[in-house]
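Residue numbers for the sequence shown follow this note's numbering, beginning at 155 and rising by one.
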Amino acid sequence: MSPALAVVTAAALALAWAAQMARWLRVLQREHYDPRAMSRFLGRWTSPPAPSARTLGSRGPSARPARRPFTLSHALILVVAMSLLLRADGLLVAASAVYGILCPVGLSLRGRTGVLVFTQRLSTTAIVATVVSAAVAGVGLATTRPYLGAVVAVWAVPPVLDLSTRLLAPLEERRARHFVERAARRLATVHPRVVGITGSYGKTSTKNHLAQLIQGTRAVVATPRSYNNRAGLSRAINEGLVEGTEVFVAEMGTYGPGEIRELCRWFPPEVSVVTAIGPVHLERMGSLDVIETAKREITERATTAVLNVDDPRLSGWVTPLRVEGKRVITAASAAAADVRVALEGDQWRVVVGGEEVACVPAVAGVQATNVACAIGAALALEVPLEAVVAGLGRLAPVEHRQGVARAASGVTVIDDTFNANPASAMSALETLRGVEGPGRRVVVTPGLVELGREQHTENLRLGRRVAAIGAELVVVQRTNVVALALGFEGPLRRFDRRDQAVEWVRASLREGDAVLYLNDLPDHYP
C-alpha cells in the first residue's frame, strides 16, 4: 500500500470511529450512563425498519405492516463478512468506513431533541473509550493485516462504551459522594420534615400537588421538574434548600432494587408516598415484582406511608406495614380509603375519614388519585384540614401532562408528551374522547417504550383504544409502528419526526377538531 493510500485509509477509519463515538456517546448520556443501553439501542437501530410511506394499514385489518428485510447496516455486515473470507482488505476498510460514517441510518451525530453535552463524566468516558479503542487498533498493527484492529474499533464502539462505563463506575461513585455528603449535611442543618414520593407514574404530579396544597401554611421546597435520582436530589438540596424550610418534598425514582434504599439512607423521609406500581421501566427491571420490591424501599425508614389503594399491589401493603408499626394513610379515587377523591361529573368529591369535606370543580389534566395521595401526605404533616381544602383551588396540572388548551386556530390541543405509561395513555385518550363537538379527533404518538416483553402488547392495546374512540392515528418514529398499526387495524399516517407530524396537524385540522400529543420520544430512539 502506498503512503498516500495508507494515510487516506487511516483517516477514513479514524473519521468513521469518531462518528460512531459521537452517536453512541449521545445515546449513553441520554440513557443516564446505563451501560446496558448500548446493546438495547444497538438492537433497536439495526432492526429492520417499518415502511416509510406516509400511510399504513390500507391493505386491510388483517394485514401486518411490511418491514424492509435489510438495513444498510445489515448489507455492510454481509460485505465485511465476505471481505474477511476473501481477505479483500480494501473492501473491508471501505465497508467499515461507510458503516462508521453513515450507520445506524437515522441516528444523528448532533441530535435535534437532545444534543451531546460535554460534562466531566462524558469527557472521562470518552477518554477511556478512546484508550481502549486505540489499544484494539494497536493490536492490529502487529499483525499481517494492520488495519484489522482499526476496523474492529469502528464496529466495536457500543461494547467499548459499555466496558468503559463499567470501569469508571467506582470513580463516578467517589465523585458523586462529595456532592451527596454536602447535601446530607445541608438537610441535617436545615432539618425540614421530609416527604419522599415514588411510584411508577404520578409521582411528579403528586409532588407538585402536595406543595400547592400546603403552600402558605408551611415553608415548602420541592425537587424541581423530574429531579428524582441521587444527583438530582443532591442538586435540589444544595441549590434550593434555604434556612427556614419546614417541608422538603423529594421525588424518588429508580431503575432497580437498592436505589431508593440508598436515597433514603442519605435523605431519610418521615412520610413516604407511593402512587402506583406499573410496567414503567419494565425493560430495565424485568418484572412487576421487581418494580414493587424496589418501590417498597421508600417505606423502610418512614414512620408514615401514604398508599394509593386503587392499585391492588399497594393495597396489599397496608396490613404488613401496620404490623411493622407504621402509620398508613390510604388514598384512592374509587376504593374506600382514608382519603378519597372521586370524580363525579366535573366535580371532585373529597371524603376524609368517611366524611365529605369538599366538593370542588375538577381541574383538567389533574388525576383524582394523585390529589388524594397529596391530601394524605398533607394530613400526615398535620396541616389543618381546612387549609388543605382551601389549597385545592391552587391545584394545577404539571406541564406536558394532559394539559388542555385551545389553539388560535380553534383546535383543542391536549399535551401529554411527558407521560409514557399504559395507565396515563388510557386516561389521556378518555380526555380526548370527552372533548365536546363533532370535529375530527387525532392522536399523535410514538407509542410506549421501556415496557420489556409487554411493549408490543401494550402498544397493540393502545392502537385498539385509539380506534375504539373513533380517533385518527398518527405515528411518529418507527419504534412501535407495527404494534400500533396492528392494533389500530386501519389506515394511519407515519412521520419520521414529531415536527413533521405537528406541521401536518396544523395544516389539516380546523376549528372544532382536537389533537392529543401522547408521549414524545427523544431522537436517540428510532
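Heads up, the beta-carbon is just placed ideally off N, CA and C, and yes, glycines get one too.
Judging by CA-CA distance, which residue of the options is the nearest neighbour of residue i?
i	options	result
PHE333	ILE414, THR484 and ALA390	ALA390
GLY591	PRO346, GLY564, PRO422 and GLY617	GLY564
ALA512	ALA532, GLY545 and PHE649	GLY545
HIS363	VAL542, LEU646 and ALA661	VAL542
ALA577	GLY530, GLN556, GLY588 and CYS527	GLN556
ALA534	VAL305, ILE368 and ASP188	ILE368
GLY507	GLU416, VAL344, SER201 and GLY530	GLY530
TYR409	VAL636, VAL434, ALA456 and ASP570	VAL434
GLY519	ASP243, ALA491 and VAL589	VAL589
GLY394	PRO474, SER354 and ARG336	ARG336
ARG379	PHE195, GLY617 and VAL552	VAL552
THR267	LEU663, ARG652 and VAL659	ARG652
ARG619	LEU302, GLN654, ASP650 and ALA579	ALA579
LEU317	LEU240, GLU665 and VAL286	VAL286
SER426	GLU397, THR200 and LEU468	LEU468
HIS345	ASN673, LEU475, THR200 and VAL375	VAL375
GLU584	ALA164, LEU226, ALA621 and ALA158	ALA621
THR200	THR633, TRP658, PHE649 and ALA661	THR633
ALA310	GLN654, ARG372, ALA170 and THR484	ALA170
VAL681	GLU424, GLU327 and VAL659	Lying outside 155 to 680, the shown extent of the chain, residue 681 is not represented and no answer is given.
ASP243	LEU159, ARG594, ARG194 and THR273	LEU159
ALA165	VAL460, TYR301, ASP569 and THR473	TYR301
Hey, residue i and residue j: beta-carbon distance below 8 Å or not?
i	j	result
ASP464	ALA486	yes
VAL629	PRO676	no
VAL695	ASN462	Residue 695 is absent from the structure shown; the chain starts at 155 and stops at 680.
GLU437	LEU638	no
ARG347	GLU400	yes
VAL669	VAL567	yes
SER237	LEU230	no
GLU405	THR377	yes
ARG481	ALA526	no
ALA522	TRP502	yes
GLN366	LEU549	yes
VAL407	THR352	Here residue 407 turns out to be Gly, not Val, going by the sequence shown. Yes; because the gap between Cβ atoms is below 8 Å, this pair is in contact.
ALA296	ALA307	no
PHE421	LEU475	no
ALA456	PRO423	yes
SER250	LEU196	no
ASN524	SER662	no
PRO411	THR371	no
Give the range of the alpha helix (DSSP H) segment to which residue i is assigned.
i	result
SER201	Here SER201 belongs to no alpha helix (DSSP H), and DSSP marks it neither H nor E.
GLY557	Note, GLY557: premise wrong, no alpha helix (DSSP H); beta strand (DSSP E) at 557-560.
ALA310	Looking at the DSSP string, ALA310 is not in any alpha helix (DSSP H), and its letter there is neither H nor E.
ASP443	442-450
GLU509	Unbroken run through GLU509 is the beta strand (DSSP E), 509-515; no alpha helix (DSSP H).
TYR253	243-256
ASP570	No alpha helix (DSSP H) holds ASP570; the beta strand (DSSP E) holding it covers 566-570.
THR523	522-534
THR284	274-295
ASN362	357-368
THR599	No alpha helix (DSSP H) holds THR599; the beta strand (DSSP E) holding it covers 595-599.
THR611	609-622
ASN392	384-394
PHE642	635-642
ALA158	157-184
LEU475	472-477
GLY545	539-545
ALA577	576-587
How many whole angstroms separate the CB atoms of residue i and residue j, which I take to be in contact at a CB cut-off of 8 Å?
i	j	result
ILE414	ILE445	The pair is not a contact, with the Cβ atoms about 11 Å apart (cut-off 8 Å).
GLY641	ARG615	6 Å
ARG384	ALA330	7 Å
HIS678	LEU325	Their Cβ separation, rounded to whole angstroms, is 25 Å, which puts HIS678 and LEU325 out of contact at 8 Å.
LEU315	TRP178	6 Å
PRO680	GLN609	Not confirmed; about 14 Å, so no contact.
ALA625	LEU586	6 Å
VAL271	GLN183	7 Å
ALA582	LEU672	6 Å
VAL403	LYS361	5 Å
ASN613	SER354	The pair is not a contact, with the Cβ atoms about 17 Å apart (cut-off 8 Å).
For residue i, report the span of its beta strand (DSSP E) as first-last.
i	result
ALA404	401-405
GLU498	493-498
GLU626	626-630
TRP502	501-506
VAL375	374-376
SER426	425-428
ALA438	Just to set this straight, residue 438 is Arg in the shown sequence, not Ala. It is not in any beta strand (DSSP E) - ARG438 instead sits in the alpha helix (DSSP H) that spans 436-439.
VAL482	481-486
Does the beta carbon of residue i sit closer than 8 Å to a beta carbon anywhere in chain B?
i	result
GLY666	In the displayed structure, chain B is absent; only one protein chain is listed.
Taking 8 Å as the threshold, find out whether the region 244-263 comes into contact with the region 164-182 through three or more Cβ pairs. yes
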